[in-house]
Amino acid sequence: MANFRDIDERLSSLSAHRTLLAIRNAYLSILPYVIVMAAVTVAANLFHFAGIDTGIAVYVSHLARYLGELFPEVILLSLSWSLNSHNRIRAPAVMLVSLPVFWILCGWDQLYAEVGQQTRSLGSTIAIYPAILLTHTTFKLFARENTRSHPQRVVMSQMITFNLRYVLPGVMAVMLAIVLRFAFVALADRYAQDIYALLVDRIPYHLEVILFVMFLQVLSLFAIHGYATMLGVFEYLQNKSDVLGLPSPEFFTLYATPGGAGSVLCLMLVMLVVSSRREYKSLARISAPLTLFNISETLVFGIPLVFNLRMAWAFISVPTINASLAYTAMSMGWVAPPPNSVHWAVPYLISSYLAFDGVYLPSMLLQLTCIGCGVLIYSVAWRRYVHRERSSKDEYPVFPSRNASDSAFGDDALDIVLMEENVSRWSRIKQADRTLKWLNEGQLELVFQPIVDVRTHRIKHIEALLRYRDAQGLLHPPQFLDVLRHHAGVMEGIECWVIRTAAHHVRQWNEAGFSKRLFINVTPLFFSSGNVRRCFFNALNDCPVNSLGIEITEQALLEDLPRTLSDIKLFQSMDVQFALDDFGSGYSSFNYLSQLGVDFIKLDKTLIDDIHLPRQASVVESVYQLCRHLSLQVICEGVDKDAKEARLERIGVTLMQGFLLYRPMEAPALETLLRQEQHAAGSL
Numbered sequence: 001m002a003n004f005r006d007i008d009e010r011l012s013s014l015s016a017h018r019t020l021l022a023i024r025n026a027y028l029s030i031l032p033y034v035i036v037m038a039a040v041t042v043a044a045n046l047f048h049f050a051g052i053d054t055g056i057a058v059y060v061s062h063l064a065r066y067l068g069e070l071f072p073e074v075i076l077l078s079l080s081w082s083l084n085s086h087n088r089i090r091a092p093a094v095m096l097v098s099l100p101v102f103w104i105l106c107g108w109d110q111l112y113a114e115v116g117q118q119t120r121s122l123g124s125t126i127a128i129y130p131a132i133l134l135t136h137t138t139f140k141l142f143a144r145e146n147t148r149s150h151p152q153r154v155v156m157s158q159m160i161t162f163n164l165r166y167v168l169p170g171v172m173a174v175m176l177a178i179v180l181r182f183a184f185v186a187l188a189d190r191y192a193q194d195i196y197a198l199l200v201d202r203i204p205y206h207l208e209v210i211l212f213v214m215f216l217q218v219l220s221l222f223a224i225h226g227y228a229t230m231l232g233v234f235e236y237l238q239n240k241s242d243v244l245g246l247p248s249p250e251f252f253t254l255y256a257t258p259g260g261a262g263s264v265l266c267l268m269l270v271m272l273v274v275s276s277r278r279e280y281k282s283l284a285r286i287s288a289p290l291t292l293f294n295i296s297e298t299l300v301f302g303i304p305l306v307f308n309l310r311m312a313w314a315f316i317s318v319p320t321i322n323a324s325l326a327y328t329a330m331s332m333g334w335v336a337p338p339p340n341s342v343h344w345a346v347p348y349l350i351s352s353y354l355a356f357d358g359v360y361l362p363s364m365l366l367q368l369t370c371i372g373c374g375v376l377i378y379s380v381a382w383r384r385y386v387h388r389e390r391s392s393k394d395e396y397p398v399f400p401s402r403n404a405s406d407s408a409f410g411d412d413a414l415d416i417v418l419m420e421e422n423v424s425r426w427s428r429i430k431q432a433d434r435t436l437k438w439l440n441e442g443q444l445e446l447v448f449q450p451i452v453d454v455r456t457h458r459i460k461h462i463e464a465l466l467r468y469r470d471a472q473g474l475l476h477p478p479q480f481l482d483v484l485r486h487h488a489g490v491m492e493g494i495e496c497w498v499i500r501t502a503a504h505h506v507r508q509w510n511e512a513g514f515s516k517r518l519f520i521n522v523t524p525l526f527f528s529s530g531n532v533r534r535c536f537f538n539a540l541n542d543c544p545v546n547s548l549g550i551e552i553t554e555q556a557l558l559e560d561l562p563r564t565l566s567d568i569k570l571f572q573s574m575d576v577q578f579a580l581d582d583f584g585s586g587y588s589s590f591n592y593l594s595q596l597g598v599d600f601i602k603l604d605k606t607l608i609d610d611i612h613l614p615r616q617a618s619v620v621e622s623v624y625q626l627c628r629h630l631s632l633q634v635i636c637e638g639v640d641k642d643a644k645e646a647r648l649e650r651i652g653v654t655l656m657q658g659f660l661l662y663r664p665m666e667a668p669a670l671e672t673l674l675r676q677e678q679h680a681a682g683s684l
C-alpha cells in the first residue's frame, strides 16, 4: 500500500513541478527557433499580400514552409531530452512524462496525412528513444558515482541492474503506449468521419459547422489532431459552403481557436490573472511565447488538459461558442469573411490586420469579444478545477505516529533504496528499521533559533531546527537522519513534515503581527523529489510573501549544479531566499560563490572559533569582504562569546546566531520573545 501511495503521490506532482521545469527548459531552449520561424512566416505573408514575387520572396516562402515542417522534430528532441534529464523516478512516471512527446509527434505527423511518414516516425522513435534514455541514465549513474565524497568504480553488473530495474520497464511501457496511440489514431481516421456524418444528418448547415468545431475539440481532448483526422469532413463542408465560405482555415485562426486547440489563449490569460498558485502562473508565463503563435502543447500537456475530464467542458465549449459568435457576426453582416489567407502561426489580432488588408477593426472587435467570452468560461472552470484539486490533495500525515502500524510509510518504505550505495541493502534496512522503532517511542519537533541584527539587537530572521523528543522528554539532534538518508520514501515524509510544520508556525506568527522570515534546512531531496517540492509549493501558497527561506549545504547544491541553479532562480522569483549553510566547515570552493545565486552565506562555527588569532581573523574578514562585493549577506553561526561578537562587529558582520544571543527554543518561548520585542519597539 505504501509503494502504491508513493507512486500515486509522485505521479500527481509531475505536471505542476518537475514536468513544469522540464517543459520550461525545453521550450526556452527552442525559443530562438520559434522566433525565427514566426518572423519568417510573417515576412512570407507580407510578401504575399504585397504582391512581391521576387527570388527573395520565393526563398522566404520556402524557408517558412521548411521551418514549419521541421518544427515537430525540434519539439520532440528538446522535450525528450529535458523531460528525461529532469526525471529521477520509476517506470510509471517515466511513461507519464514521455507520452506527451509522442502525442505531439503523432499529432503533427497527421498534418501531412501520410501513412508512410507516420510509420517512419514510429519506427525511428522506437529505435532511437530507448537508446537516448538508456545512455542518459547510464551517464547519470556514472556522474553520481564519480562526484561522491567516497568515489567507487561502477561495475557493469550495477549498470545493467539499474537499467533493468528503473529504465527498461518505463521504456517498454512507452513503446506499448506508442503502438496503442497509433492504433487509436487509425481507428479515428477510419470511423470519426462516419460518426460525424451520423450526428449531422438533417441539420442546418450552420449547425454542421458548429458541430464540426465541437468535434475537433473532442478529438484534441484525446490528443488527436482533429483537423487532419477530419480533413474529409472539412472538404465536404467547404464544397457545401454557403455564401460565407465557411468553414475555412482562417475561420479557426481568427476566431474559433485563439492560441490553438481549446482556445487556450483564453486559459493562459485566466491562469495569469485568476490563479493564485505560483506554479500555474509560471506555467502560463512559460507557455505565453508559444501560445501567442497558436501552439497549444505547453498548456495541453503541462496542466494537463489531455484526458482531463474536469476541464473538458470548457475546453470544448469555448471554441464552440467562439465559432457560433463568429458565424452569427458574419451572417448579420457585422464582419466580412476574410479575403486573404493567414498562416495558422500568426498571432491573434495581427492575423486580423493581415487577413483584411488594413480594414481590420470589425474583425479585431470580434476577436476581442471571443477572447472575453473564453476568459469568462475558463475562469469558472479554472476556479472549480483548482478548488477540487486542492480539496482532494492526499498529503502525508504527521510522522512518526505513536503506533508503528499507523505510519504513513510502513515497512514497505524501507524497500525504497538506491542499489548502487556502498553499504549492503539488508544491513541498511535493519538499521533503518531499528531507528524507526526507536523514533516511534518519541516525537519529532521543531525548535527555533533567532538570527539577530547586532546593530539593533532585534531578531531579523529565524532558523527552524529538527529535534526529536525521546520517551524521557529530552530533546536530541537528529543523528538518525544519517541512517535514513538512504531511504527516499522515509526522508521525503520527514522533509514534508518539517515544511508543513514550519509553514503552520509562520502563519500563526503572521496572524499575531510577527513578520519574520523562517529558514528551513533541506536535503538534496528538495531539488529532486516531486513530493517535497509539491509540499513546499503548497506551503508557499498558504504563507505570506517573504516569509520562507531555504538553508542548504554546498555539497547538496553541487550534486547537480545546472538544475540546482535553475531551481534556485525559480524559487527566488517566488520571494524565497536561499542561504548557503555551514560555509567553511569543510572544503568550500570560492569559485562557486558567484554562480550559486544564493542570498546569504552562513559562516560555520569552526571558521570563527579561532577568530581571536590574527591569521584566522584575516581569513574571516577576507571571506566577509568577498561576500559583500558579491552582494551576499553574511550570517555568522556559533557566536557563543562576547569576544567573538566584538571581533565580528569590527569586521563588519551584523547578522549573528549562537548561544550568546539566543539558544534554540520551542515555539511558545519564541512567540513570547517576539511579543516582548514587539512591545518594546512600540513603546519607543
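One point on numbering: in full-length UniProt numbering, the residue at position 551 of the sequence shown is 551, and numbering is uninterrupted. Beta carbons are placed, not taken as given, at the ideal position from N, Cα and C, and that holds for glycine. Model, not experiment: these values are computed from the prediction.
Buried versus exposed call for Lys569 [16 or more other C-beta atoms within 10 Å across all chains shown]: A residue is called buried once 16 or more other Cβ atoms fall within 10 Å of its Cβ, and Lys569, having fewer, is exposed.
Work out the CA separation of Gln633 and Gln572 for me, nearest whole Å. For the pair Gln572 and Gln633, the Cα-to-Cα distance works out to about 15 Å.
Using the C-alpha atoms, what's the distance from Ala646 back to Asp640? Cα-Cα distance, rounded: 11 Å.
Could you tell me if Ala681 is buried or exposed, where buried requires 16 or more neighbouring beta carbons within 10 angstroms of its beta carbon? Exposed, since its Cβ has fewer than 16 Cβ neighbours within 10 Å.
Do Val620 and Leu630 have their beta-carbon atoms positioned less than 8 Å apart in this structure? Result no, Cβ atoms of Leu630 and Val620 do not sit closer than 8 Å.
Nearest to Tyr468 (by Cα), restricted to the options Glu666, Ile35, Tyr280: Closest in C-alpha terms to Tyr468, from the list Glu666, Ile35, Tyr280, comes Glu666.
Counted within 10 angstroms of its Cβ, other Cβ atoms place Asp610 as buried (16 or more) or exposed: It is exposed - the Cβ of Asp610 has fewer than 16 other Cβ atoms within 10 Å.
With DSSP as the reference, label Gly549 as helix, strand or coil. In the structure shown, the three-state DSSP call for Gly549 is strand.
Across the stretch 501-516 and the stretch 550-557, are there enough close Cβ pairs to call them in contact, namely three or more that are closer than 8 Å? The stretch 501-516 vs the stretch 550-557: no contact.
Gly374 and Ser263 look like a contact to me (Cβ under 8 Å); what is the Cβ gap, rounded to whole Å? Contact between Gly374 and Ser263 is confirmed by a C-beta separation of about 5 Å, below the 8 Å threshold.
Going by the beta-carbon positions, is the gap between Val653 and Cys636 smaller than 8 Å? Yes. Within cutoff.
Using the Cα positions of Glu677 and Val598, report the straight-line distance between them to the nearest angstrom. The straight-line gap from Cα to Cα measures roughly 29 Å.
Can at least three beta-carbon pairs, one atom from the stretch 327-337 and one from the stretch 45-56, be found at a separation below 8 Å? No, they do not touch.
Environment of Ser424 [buried if 16+ CB atoms lie within 10 Å]: Note that Ser424 scores a pLDDT of 42, beneath 50, so its modelled location is shaky and nothing firm can be said.
Just reading off the beta strand (DSSP E) that Tyr468 is part of, what are its end residues? Where Tyr468 is concerned, the enclosing beta strand (DSSP E) stretches over 458-469.
Within the same chain, show all residues whose beta-carbon is closer than 6 Å to that of Leu670, passing over the 5 residues directly before and after it, in chain order. Apart from the 5 residues on each side of it in sequence, Leu670 sits with its Cβ closer than 6 Å to the Cβ of Phe448 in its chain, given in chain order.
Between which two residues does the alpha helix (DSSP H) holding Ile520 run? The continuous stretches of alpha helix (DSSP H) do not include Ile520, which lies in the beta strand (DSSP E) extending over residues 517-521.
Does the count of Cβ pairs from the stretch 259-274 and the stretch 357-367 closer than 8 Å reach three? No: the two stretches stay apart, fewer than three of their Cβ pairs being nearer than 8 Å.
Roughly how many angstroms separate the alpha carbons of Val498 and Arg534, rounded to a whole number? Computed Cα separation, rounded: 13 Å.
For Pro319 and Leu540, what's the separation of their Cα atoms in angstroms? Whole-angstrom Cα-Cα distance: 34 Å.
Tell me which residues share the same chain as His206 and place their Cβ nearer than 7 Å to its Cβ, disregarding the 5 neighbours each side in the sequence. So the list reads Tyr327, once near-sequence residues are dropped.
At which residue ranges does the stretch 575-628 contain complete beta strand (DSSP E) runs of 3 or more residues, listed in the order of the chain? The qualifying runs are 577-583, 600-603.
Write down every uninterrupted run of the beta strand (DSSP E) in the stretch 316-372 whose length is 3 residues or greater and which is fully enclosed by it, in chain order. Taking only runs of at least 3 residues, no beta strand (DSSP E) segment lies wholly in the stretch 316-372.
By how many angstroms is the C-alpha of Thr41 removed from the C-alpha of Val346? Answer to the nearest angstrom: the Cα atoms are 8 Å apart.
Label Gln625 either buried or exposed according to how many other C-beta atoms from any shown protein chain fall within 10 Å of its C-beta, with 16 as the threshold for buried. Gln625 should be labelled exposed.
Note the first and the last residue of the continuous alpha helix (DSSP H) segment covering Gln657. Boundaries for Gln657: no alpha helix (DSSP H) harbours it, and the DSSP string shows neither H nor E there.
Rounded to a whole number of angstroms, what is the C-alpha to C-alpha distance between Phe312 and Leu305? Note on residue identity: the sequence assigns Ala, not Phe, to residue 312. Each residue's alpha carbon lies about 8 Å from the other.
Note the first and the last residue of the continuous beta strand (DSSP E) segment covering Ile635. Boundaries of the beta strand (DSSP E) around Ile635: 633-636.
State the CB to CB distance for the pair Glu342 and Thr253, rounded to an integer number of angstroms; the pair is presumed to be in contact (CB under 8 Å). According to the sequence as given, residue 342 is Val; it is not Glu. Their Cβ separation, rounded to whole angstroms, is 5 Å, which keeps Val342 and Thr253 in contact under 8 Å.
Distance check for Glu208 and Val273, CA to CA, integer angstroms please. About 35 Å.
By alpha-carbon positions, which one of Leu655, Glu250, Ile35, Gln217 ends up nearest to His457? Closest by alpha carbon: Leu655.
Run through DSSP, which three-state label would Phe215 get? In this structure, DSSP gives Phe215 a helical state, which the three-state scheme calls helix.
With DSSP as the reference, label Phe527 as helix, strand or coil. Here Phe527 sits in helix by DSSP.
Report yes if the CB atom of Asp581 is closer than 8 Å to the CB atom of Asn546, and no otherwise. Against a cut-off of 8 Å, the Cβ pair of Asn546 and Asp581 comes out as no contact.
Write down the C-beta distance between Val60 and Phe293 rounded to the nearest angstrom, noting that I regard them as a contact closer than 8 Å. Contact flag wrong, Cβ pair sits at about 17 Å.
In its own chain, which residues sit with a C-beta less than 7 Å from the C-beta of Asp453, not counting the 5 before and 5 after it? The residues are Lys460, Thr654, Leu655.
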